[in-house]
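Take a look at the structure set out below.
2 protein chains.
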Amino acid sequence: MTDYFDKHAERLQQALDTIQSRAAWSPFTDSPSRKIHGDAVDKGLAAFQARLHQPFELDQPGTIGYTGFEVSPYTQEPLGIVYPKTDLDVLYKAIHNALPAWRATSPRARVGVCMEIVERWNQNSFESAHAVMHTTGQSFPMAFAGGGPNAQERGLEALAHAWREMSHVLPSATWERAFGSTQVKLQKHYRLMPRGIAVVIACATFPTWNAYPALMANLATGNAVVVKPHPATILPMALAVAHARAVLREAGLDPNLVTLVADTAAEPLAKDLIARPDTAIIDFTGSAQFGAWIEQNAHGKLTFTETAGVNAVVLESTDNLKGLAQTLGSALCLFSKQMCTSPQNVYIPRQGLRVGDAALSFDETANALVESINGLLAEPARAAGILGAIQSENILNVVERAREIGQTRGKILRDAAPYAHPEFPNARTRTPLILGLDISDDDLYAREWFGPVIHFIAADTPDQALAQAARDAKQCGAINSYAYSTDAAFVERAQDAFADAGANLSVNLIGPMPLTYAAAFSDYHVSGMNPAGNATLTDASFVNGRFRIVQSRTQQ
Amino acid sequence: MTDYFDKHAERLQQALDTIQSRAAWSPFTDSPSRKIHGDAVDKGLAAFQARLHQPFELDQPGTIGYTGFEVSPYTQEPLGIVYPKTDLDVLYKAIHNALPAWRATSPRARVGVCMEIVERWNQNSFESAHAVMHTTGQSFPMAFAGGGPNAQERGLEALAHAWREMSHVLPSATWERAFGSTQVKLQKHYRLMPRGIAVVIACATFPTWNAYPALMANLATGNAVVVKPHPATILPMALAVAHARAVLREAGLDPNLVTLVADTAAEPLAKDLIARPDTAIIDFTGSAQFGAWIEQNAHGKLTFTETAGVNAVVLESTDNLKGLAQTLGSALCLFSKQMCTSPQNVYIPRQGLRVGDAALSFDETANALVESINGLLAEPARAAGILGAIQSENILNVVERAREIGQTRGKILRDAAPYAHPEFPNARTRTPLILGLDISDDDLYAREWFGPVIHFIAADTPDQALAQAARDAKQCGAINSYAYSTDAAFVERAQDAFADAGANLSVNLIGPMPLTYAAAFSDYHVSGMNPAGNATLTDASFVNGRFRIVQSRTQQ
């Protein structure tokens, strides 16, 4: 087989250095600029367009027809792509046939092949970006950066961890000690053994960002991977599977180490895959409800979940109200709040937000934020770049339910409305709904409202807000949290409270970096300490249960 | 608080070096010789005797009376010790109070305290050895070595892994990159967060060897530990808890970070502890049946199990029949086969075992082994040192059931019988029962017979035996396996087959080292690949799920 390790050794070494130093490093550029990428921009679009209204051929065993139904949130028209429909028994048999040779391949060679797959994904980032855009509703720049290079970097990060963990186990050792007057000398061999077949279940809104790391961590440690995309968002991961299979084939390996199982919302297959006795590992990104079902039903299987939660912002004081309103306003709008890291609940002190020597009332603070958002969304072209489109009809229903509530309780501080996308007149769009609530309304805000529904919550004091936000994170799950305060003691209390709740905290962030941005190699994503998920991108525990160690020892 | 890290830094460094090199290293001596230990020998016995017929005081919150009923397998008399009976709600409340300060203690300081606890256990090895002997039935030398220094070394090994894993996460980093034309600089802080309360459930026959590592791994990573010993074998872990609490107190820490919950067979408490929502981690050593119950019922809790299985010996050929018979004979007798690593099923080729140029028939091979065993057990004093006593009446019932089967199916190749223990005339003893079976009798041998029940199984060929043994390991669980062969190709097939089944293999081991011996720092114990357990002593995955990482980032 082709050895790709040396080709990528320098990049791997940089990744290894950076998962330790946690400094900033990007092997790939996340700007989709034509100046950087040249004709790859147009080639990617053409490649995407050529996929439409065609069967997506994968040459997989067990193909018994076609399935799949995706609708672009931008055109609200079907993509018209169908994917192999699979006889799972036949597919799993083929995967079992592929496993022994892959298991026997050295970790070094496996990591080399995986590095090449990441490289291949990167070369096809533009095609992938259009696929992400027209399934998830992300704007094109986000679909490129977040679904392409940033996701590939998280895959690389998982690979670096896999390599480091596997390197901790020597292949052999000589062991010698006396028993009584006799010296006993043993040669010991330690084999890294994969668990077998891993199922990676990807989500509808960020399919690649979580699935790439899981795919890489599984494959590098010797497992085979079955990718089960969300039925609304198949294409991005179908492309990832196709590219992985191509690299495996070119390397002289069995392509069935990476396979796709597509399904539809009407005939879902995730539970079938989870229930199969020979599914050994499950990686899941998606709803908290299904994540909990998996945790209850995947007895004895190694399970990694990332679901969602209730991310809070606690405002105590600032010396830069304008910057705060711009930065936080952007974060509340970004991708129409369809991200697992999006803030949802903004706590504003009833007695007023301290701004320098002044104090802004709840209404003044809320107004400043609403006006900032309105400013951001005033220009349709700019609004399109920030909001993107709404991934599904169901999310519009969530917004409608929230509006109805707002008409009877609390106050609608900003109403949701469609906006006219300049390029796609039929796009499914909605600007954010902002409800003004009281801290006593936790029956309303203390749960996830996935989509453009935001709560501004009046609290008696910043510390009351902090306690409530941390409690919600613990009980409902949270990935990120945000605090603004010029009071070092309050910041420290916020750090303690959110650490205790297992929600990462960003303090006083103002500027062009999206608040929700999580950098590969540096930002740990999901703590595993609350219902938002049990796995972290990427720590050692994301990787080292995926392989086991078996030894043999021989008398010398 | 007292800082013990520097005191133990050199020992920790040696442990760190050795978990990587897997070479032989023992910080402690596992011989109970008076020449080495001087008056510690007598002091340990006196300390044990002073514990008898007394309440075991622990000064734990929630004590509402006394419980516990242990019977010495050597005297068949009650030990007469009672332990605190606990109101779990009160105890857990006290543990919750102890957690924040321990969590805030640096990993360095925590590891220092844990090293001191291991040292304290070591200083009290003789007292512990008598406690192990008179609860488990182990012979005194085994109770000292396996229950003392060897168990302490596995605790140290877990500590080294905990330290290495925690060291992989820097406390902070500076991160800087451009967004557009703006340079964004963040200071990031990474906190190691324990999960909370860990329950360590110890077993009846080897209480300390598995529980010490779990206790250390949990405590070092910032969790509190509730120890729940087997109701038949409380004293060894009660001593471990008492010593740990003493060290914690001396260090100025809350002793409730390590507590004991004792129970009786009539009123067991393990399920109550597992079901408590604030039990976050479960470590279990014991029966496969209860282990499976835990895996089905510990939803979402981090669970580490080590149960048991069917360990096989496959005989193909040897050039040292006498050595083989002595070494294997000893292993079949050691501690009356009450070890999770004891061989149970010995496969002998029907066509004959090749010995040099000759071939021994099944009967000749079986006879050689039986005679070797009879020789080992001829002298009561020597027999006592090897067999020890039978831990419980229930194990005698297992032997009786096997005898009854042997009278109707297969053949009794060696009958079980009590032997007269030279020191303890009332000891509960039984020499091994050996049944001759056919490979088609897998309804009889393909399950665990815990205690002195051994099967000699006639196979058509060594490869048929290998296939059956590996299948049994996969389906019923196995920790160790053993093969004897002078044929390099057969050895390779055995290595592949048992690796695939997740059972460690010892090849051609002949000599004074007990076959079942597993060395801390070098031998991985339990692969996690079959029903014999999901955790390995000790790899990185035994440790690094016990803590999580939460970050906060601040604009610079």
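The listed protein sequences derive, respectively, from chains A and B.
In terms of my numbering, the first sequence opens at residue 2 and continues consecutively.
In terms of my numbering, the second sequence opens at residue 2 and continues consecutively.
Just so it is clear, CB atoms sit at the ideal spot from N, CA and C, and this is done for glycine as well.
Source: prediction; values computed, not measured.
Excluding five sequence positions before and after H9/B, the CB atoms of its chain that fall closer than 6 Å to its own CB belong to M116, given in chain order. Listed in chain order, the non-local C-beta contacts of G437/B below 6 Å within the same chain comprise G411, K412, L414, F457, local neighbours out to five positions each way being set aside. Around the beta-carbon of K475/B, 16 or more other beta-carbon atoms lie within 10 Å, marking it buried. Counting only Cβ-Cβ distances below 8 Å, Q552/B has contacts in chain A at N505, L506, D524, Y525, in chain order.
Spanning the alpha carbons of S318/A and G353/A requires a straight line of approximately 9 Å. DSSP, reduced to helix, strand and coil, places I118/B within a helical segment of the structure shown. Contact note: S528/B reaches chain A through M194, R549, I550, V551, using a C-beta cutoff of 8 Å and chain order. Restricting attention to Q392/B, E401/B, L378/B, D442/B, the CA atom closest to the CA of Y420/B is found in L378/B.
Among the residues of chain A, none has a CB under 8 Å from the CB of N224/B; the nearest is roughly 12 Å distant. In the structure shown, E317/B adopts coil according to DSSP, grouped into three states.
When CB distances to chain A are screened at a threshold of 8 Å, the residues of the segment 166-194 of chain B falling below it are E166, H169, V170, L171, A174, T175, W176, E177, R178, F180, G181, T183, V185, L187, K189, H190, Y191, R192, M194, in chain order. Closer than 8 Å to the CB of A25/B there is at least one CB belonging to chain A. Here F29/A is buried. Its C-beta has 16 or more other C-beta atoms within 10 Å. If you check each beta-carbon in the segment 286-307 of chain B against every beta-carbon of chain A, the ones closer than 7 Å belong to E296, Q297, H300, G301. Non-local beta-carbon contacts of S486/B in its own chain, meaning distances under 6 Å to residues more than five positions away in sequence, involve E317, S318, V492 in chain order. Collapsing the DSSP output to three states places A225/B in a strand.
Excluding the 5 residues flanking it on each side, P56/A has same chain C-beta neighbours closer than 7 Å at Y67, V83, in chain order.
With fewer than 16 other CB atoms across the displayed protein chains lying within 10 angstroms of its CB, P278/A is exposed. A direct Cα-Cα distance of roughly 46 Å separates P108/A from I37/B. Within the segment 22-52 of chain A, the residues whose Cβ lies closer than 7 Å to some Cβ of chain B are S22, R23, A24, A25, listed in chain order. Taking 7 Å as the cut-off between beta carbons, none of the residues of the segment 460-488 of chain A comes near chain B. In summary, the residues of the segment 528-543 of chain B whose CB is separated from some CB of chain A by less than 8 Å are S528, G529, M530, N535, T537, D540, A541, S542, in the order they occur in the chain.
When N398/B, A130/B, L254/B are compared, the shortest CA-CA separation from F207/B is found for A130/B. A Cβ of chain A is located within less than 8 Å of the beta carbon of A500/B.
Sequence-distant partners of A417/B (beyond 5 residues in either direction) whose C-beta falls short of 7 Å from its own C-beta, in its chain, are V400, R404, R431, T432, P433, L434, P453.
Just so you know, the alpha carbons of D461/A and A221/A end up roughly 52 Å apart.
At a Cβ-Cβ threshold of 8 Å, A159/A and T539/A count as neighbours. Using beta-carbon distances, T106/A does not count as an interface residue toward chain B, since no partner is under 8 Å.
By the neighbour-count criterion, in which 16 or more other beta carbons inside 10 Å mark a residue as buried, A266/A falls on the exposed side. DSSP places N346/A in the uninterrupted beta strand (DSSP E) bounded by 346-350. In this structure, the CA atom of I275/A is about 19 Å from the CA atom of A293/B. R494/A and N346/A have their C-alpha atoms roughly 19 Å apart.
Between the alpha carbons of A359/B and N321/B lies a gap of roughly 12 Å. Close CB contacts of R250/A within its chain, under the 6 Å cut and outside five residues either way in sequence, are with P256 (chain order). Counting only Cβ-Cβ distances below 8 Å, P513/B has contacts in chain A at F180, G181, T183, V185, in chain order. Across the structure, L13/A and A161/A are spaced so that their CA atoms are roughly 6 Å apart.
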